[in-house]
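Protein sequence lines, in the order shown, are assigned to chains Z and U. Under this note's numbering, the first residue of the first sequence carries the number 4, and numbering increases by one thereafter. Under this note's numbering, the first residue of the second sequence carries the number 4, and numbering increases by one thereafter. Using N, Cα and C, we set each Cβ at its ideal position, and we do this for glycine too.
Protein chains: 2
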Amino acid sequence: MSEKKGDLISYRPDIKLLDATIRDGGLVNDFYFSDEFVKQLYLTNVKAGIEYMEFGYKASKDLFDVNKFGKWKFCDEESIREVVGDNDTDLKLSVMADVGRCDFKNDIIPSKDSVIDLVRIATYTYQMPGALEMIEHCHEMGYETTVNIMAISAASEEDIDKSLELVCNSPVDGIYLVDSYGSLYPEEVRELTLKYCKAAEACGKKVGVHMHNNQQLAFANTIESIAYGASFADATMSGMGRGAGNCFMEQMLSFLRNPNYKLSPVLKFIEKYITEEREKGSVWGYDLPYMMTGALNLHPRAAIAFKKENRTDYQTLYQELLS
Amino acid sequence: MSEKKGDLISYRPDIKLLDATIRDGGLVNDFYFSDEFVKQLYLTNVKAGIEYMEFGYKASKDLFDVNKFGKWKFCDEESIREVVGDNDTDLKLSVMADVGRCDFKNDIIPSKDSVIDLVRIATYTYQMPGALEMIEHCHEMGYETTVNIMAISAASEEDIDKSLELVCNSPVDGIYLVDSYGSLYPEEVRELTLKYCKAAEACGKKVGVHMHNNQQLAFANTIESIAYGASFADATMSGMGRGAGNCFMEQMLSFLRNPNYKLSPVLKFIEKYITEEREKGSVWGYDLPYMMTGALNLHPRAAIAFKKENRTDYQTLYQELLS
Numbered sequence: 004m005s006e007k008k009g010d011l012i013s014y015r016p017d018i019k020l021l022d023a024t025i026r027d028g029g030l031v032n033d034f035y036f037s038d039e040f041v042k043q044l045y046l047t048n049v050k051a052g053i054e055y056m057e058f059g060y061k062a063s064k065d066l067f068d069v070n071k072f073g074k075w076k077f078c079d080e081e082s083i084r085e086v087v088g089d090n091d092t093d094l095k096l097s098v099m100a101d102v103g104r105c106d107f108k109n110d111i112i113p114s115k116d117s118v119i120d121l122v123r124i125a126t127y128t129y130q131m132p133g134a135l136e137m138i139e140h141c142h143e144m145g146y147e148t149t150v151n152i153m154a155i156s157a158a159s160e161e162d163i164d165k166s167l168e169l170v171c172n173s174p175v176d177g178i179y180l181v182d183s184y185g186s187l188y189p190e191e192v193r194e195l196t197l198k199y200c201k202a203a204e205a206c207g208k209k210v211g212v213h214m215h216n217n218q219q220l221a222f223a224n225t226i227e228s229i230a231y232g233a234s235f236a237d238a239t240m241s242g243m244g245r246g247a248g249n250c251f252m253e254q255m256l257s258f259l260r261n262p263n264y265k266l267s268p269v270l271k272f273i274e275k276y277i278t279e280e281r282e283k284g285s286v287w288g289y290d291l292p293y294m295m296t297g298a299l300n301l302h303p304r305a306a307i308a309f310k311k312e313n314r315t316d317y318q319t320l321y322q323e324l325l326s
Numbered sequence: 004m005s006e007k008k009g010d011l012i013s014y015r016p017d018i019k020l021l022d023a024t025i026r027d028g029g030l031v032n033d034f035y036f037s038d039e040f041v042k043q044l045y046l047t048n049v050k051a052g053i054e055y056m057e058f059g060y061k062a063s064k065d066l067f068d069v070n071k072f073g074k075w076k077f078c079d080e081e082s083i084r085e086v087v088g089d090n091d092t093d094l095k096l097s098v099m100a101d102v103g104r105c106d107f108k109n110d111i112i113p114s115k116d117s118v119i120d121l122v123r124i125a126t127y128t129y130q131m132p133g134a135l136e137m138i139e140h141c142h143e144m145g146y147e148t149t150v151n152i153m154a155i156s157a158a159s160e161e162d163i164d165k166s167l168e169l170v171c172n173s174p175v176d177g178i179y180l181v182d183s184y185g186s187l188y189p190e191e192v193r194e195l196t197l198k199y200c201k202a203a204e205a206c207g208k209k210v211g212v213h214m215h216n217n218q219q220l221a222f223a224n225t226i227e228s229i230a231y232g233a234s235f236a237d238a239t240m241s242g243m244g245r246g247a248g249n250c251f252m253e254q255m256l257s258f259l260r261n262p263n264y265k266l267s268p269v270l271k272f273i274e275k276y277i278t279e280e281r282e283k284g285s286v287w288g289y290d291l292p293y294m295m296t297g298a299l300n301l302h303p304r305a306a307i308a309f310k311k312e313n314r315t316d317y318q319t320l321y322q323e324l325l326s
């Protein structure tokens with residue numbers, strides 16, 4: 004464990020932040036953000052020196068009803084352009100595409116016709132052939148691409164190794180270490196980061212990290228992963244995201260020493276827009292039910308249902324999760 | 004950094020948990036807990052297999068007005084006995100005594116006449132001679148003792164080294180690594196733990212850890228410190244404690260593999276008593292102002308005042324803290 008990179012005083016220029024507030028936060032409010040929220044978030048990210056902003060999913064309109072979700076579930080080119088124009092800024096724009104839930108052959112147009120810079124392909128290990136097909140397509144269309152291999156805490160080491168081998172032989176630019184259940188501990192994140200970096204570096208790719216806050220470890224795990232070699236870090240404003248939420252962007256900006264990063268615009272955004280979003284009824288963040296599913300390495304769905312039903316019988320939930 | 008101890012499957016019998024809910028949580032409600040809360044907490048700790056419970060401070064009644072604080076600021080022998088009788092259980096009882104705020108020569112009676120097992124002496128580095136005097140007294144009275152060296156993130160390395168040397172030559176049983184401002188990152192905690200353990204092991208003492216949650220790192224830092232050799236870990240129910248609060252006991256019980264530990268009694272306690280405590284108006288836990296003081300390595304007092312005044316102008320606070 005001596006492969007630590009960087010220190011607490013200087014900065015590594017390879018580290019890039021990705022704001023995933025709309026995409027992961029959209030799972031909290033079915034992507035119904037106000038236009039003002041999205042516009043101000045975009046302007047905030049530009050001012051704060053954040054490198055990437057993710058607008059949402061490229062979800063199939065055959066599979067999902069456009070009347071049941073806000074526009075950021077689909078991220079039409081026009082929707083993004085209404086916010087960013089031609090995006091004449093240094094901020095790069097991304098969308099996420101889930102394997103099996105995206106009509107990528109129709110909906111991912113050539114990058115020269117799009118304001119999108121990066122397409123992030125989210126996949127389970129068992130969907131890897133579908134992911135490789137999407138990576139290939141997006142790469143050919145001219146996009147920067149990453150692959151986000153989900154739920155690895157529930158995958159075998161053999162499946163992780165095989166998945167890494169496959170994506171290393173693809174044209175993907177970045178490989179994301181994803182703690183979908185918020186169940187990984189920092190010492191596991193260090194080992195996994197070293198594994199991912201070893202595989203990625205051998206083929207000239209970067210490693211990214213996407214953590215959940217079920218055990219109040221999203222920030223700790225993100226900075227550990229960075230310290231051991233990850234370059235891309237996902238975060239959201241005040242951790243907005245499904246269930247326990249994500250790594251907090253304001254914490255990343257406090258922690259990283261890159262002088263391009265500015266905390267103040269983010270504080271201003273939170274003060275008004277995150278407060279309003281919570282007042283609207285959007286609920287996320289660490290809570291005991293999420294801690295339990297995280298610690299037990301389970302999908303958070305039982306915890307989300309428990310919260311939705313306004314239950315507080317924690318001890319009963321724990322017995323239910325164990326059985 | 005290869006001195007990791009233990010793993011995620013087995014357990015180390017040297018690890019002991021200390022419930023500091025009344026003592027650190029008392030800083031939130033001026034020690035006004037209901038008798039039922041304290042009694043049920045005691046019974047919960049016994050059932051959960053927790054090794055130590057801290058009742059509060061041994062504060063001087065000359066310095067502090069007994070009419071302005073609940074009884075756990077003073078921890079009279081009779082107050083504790085009203086809850087525990089003769090404490091015919093495996094749970095050991097502790098109190099904290101601050102250097103300069105405790106009439107220890109009068110108030111720390113011989114241990115054979117007390118239900119208290121452990122006296123924890125809290126000191127800043129610049130109070131070390133006073134701490135040594137108290138350690139000596141409590142040791143002579145027959146107590147187990149620890150020394151909690153506070154605010155080390157604001158002390159020089161030389162002062163920390165000298166303090167460690169002094170306490171290593173005292174009869175103290177345990178030396179606590181304390182992150183008073185919630186400003187330490189896991190990589191710093193690992194280095195400090197190795198330093199503390201090296202000093203402590205050379206003289207047959209144990210190391211303890213007490214972390215604050217300003218940067219959502221209390222749990223991460225506690226388990227990192229344990230992984231690198233600390234034996235005693237402080238935690239509180241749902242993290243109850245001043246400002247951002249502490250490491251969550253329920254998380255420690257989920258994480259540690261000692262089969263003596265039981266999570267269910269703690270969940271039941273939280274369900275009723277922590278919920279009631281919050282409804283009473285006690286406020287603690289991670290929030291943006293505490294993150295700022297933690298990240299800037301400052302005492303949380305400005306953040307506490309900001310919260311008390313119901314301010315939400317985070318950007319202004321940040322500028323105030325920087326100036």
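Once you ignore the five residues that flank M4/Z on each side, which residues in its own chain have a CB closer than 7 Å to its CB?
Note that M4/Z has pLDDT 47, beneath the 50 cutoff, so the model's placement of it is unreliable and the number below is only indicative. Apart from the 5 residues on each side of it in sequence, M4/Z sits with its Cβ closer than 7 Å to the Cβ of R193 in its chain, given in chain order.
Taking only beta-carbon atoms, is E253/U less than 8 Å away from chain Z?
yes
Other residues of its chain near D27/Z: CB distance less than 6 Å, five sequence neighbours each side excluded
T239, G244 and N249
Enumerate in chain order the residues of its own chain whose CB-to-CB distance from K42/Z is below 7 Å, with the five nearest sequence positions on each side excluded.
V86
Checking 8 Å against the spacing of the C-beta atoms, do H213/U and N300/U come in under that value?
no
Assign L11/U to buried or exposed, taking buried as 16 or more other Cβ atoms, counted over all protein chains shown, within 10 Å of its Cβ.
exposed
Straight-line gap, E81/Z to N48/U (C-alpha atoms, nearest Å)
59 Å
I'd like to know if F34/U contacts chain Z, where contact means its C-beta is closer than 8 Å to some C-beta of that chain.
no
Chain C contact for P189/Z (CB, 8 Å cutoff)
In the structure shown, chain C does not exist; the protein chains are Z and U.
Does DSSP classify Y129/U as helix, strand or coil?
helix
Per DSSP, which residues does Y60/Z bridge with? Please list them.
M99/Z.
Which residue from L291/Z, E168/Z, W287/Z and Y276/Z puts its Cα closest to that of T278/U?
L291/Z
Should Q218/U be flagged as near chain Z, meaning a C-beta pair shorter than 8 Å?
yes
With a threshold of 8 Å between beta-carbons, can D290/U be considered close to chain Z, or not?
no
For the candidate residues R104/Z, M56/Z and K61/Z, whose alpha-carbon lies nearest to that of N345/Z?
Past the boundaries of the shown model lies residue 345/Z; chain Z is included only from 4 to 326, so the question cannot be answered.
Kindly list the residues whose CB is nearer than 7 Å to the CB of D1/Z, restricted to its own chain and excluding five residues on each side of it in sequence; keep chain order.
The structure shown has nothing for residue 1/Z, since chain Z only spans 4 to 326.
So if DSSP puts A223/U in a beta bridge, which residue, or which two residues, is it bridged to?
Looking at the DSSP assignment, A223/U forms no beta bridge with any residue, so it has no partner.
Using the Cα positions of K76/U and A125/U, report the straight-line distance between them to the nearest angstrom.
14 Å
Taking C-beta pairs closer than 8 Å, name the residues in chain Z that D334/U reaches, listed in chain order.
Absent from the structure is residue 334/U, since the part of chain U shown begins at 4 and ends at 326.
Residues, ordered as in the chain, of the region 203–230 of chain Z that lie near chain U by beta-carbon distance below 7 Å:
Those residues of the region 203–230 of chain Z that come within reach of chain U (Cβ to Cβ, closer than 7 Å) are Q218, Q219, L220, F222, A223, I226, E227 and A230.
Tell me which same chain residues have a C-beta within less than 8 Å of the C-beta of S257/Z, skipping the five on either side of it?
L266
Strictly under 8 Å for the Cβ-Cβ distance: is S63/U near chain Z by that measure?
no
Chain Z contact residues for T278/U, given Cβ-Cβ distances below 8 Å
T315
Under the rule that 16 or more other beta-carbon atoms within 10 Å means buried, what is G288/U, buried or exposed?
Answer is buried; the Cβ neighbour count reaches 16.
Contacting residues, own chain, Cβ-Cβ under 8 Å from N263/Z (five flanking each side not counted):
G52
What in chain U is Cβ-close to A298/Z, meaning under 8 Å?
Here the neighbours are Q254, S257 and F258.
Taking 8 Å as the cut-off, decide whether the C-beta atoms of S63/Z and R104/Z are in contact.
yes
D22/U: first and last residue of the uninterrupted beta strand (DSSP E) it sits in
Here the beta strand (DSSP E) through D22/U covers K19 to D22.
What would DSSP say about T239/U, mapped onto helix, strand or coil?
strand
Are S234/U and K19/U closer than 8 Å when you measure CB to CB?
yes
Which same chain residues, not among the five before or five after Y321/U, have their C-beta less than 7 Å away from its C-beta?
M295
Tell me which residues share the same chain as R314/Z and place their Cβ nearer than 8 Å to its Cβ, disregarding the 5 neighbours each side in the sequence.
Around R314/Z, the same chain offers L320 as residues with beta carbons nearer than 8 Å, after the five sequence neighbours per side are excluded.
Could you check whether P174/U and I119/U sit closer than 8 Å to each other, using their CB atoms as the reference points?
no
Quick one: does the C-beta of P132/U sit closer than 7 Å to a heavy atom of the ligand COA?
Only the bare structure without any ligand can be found here, which leaves the ligand COA out of the picture.
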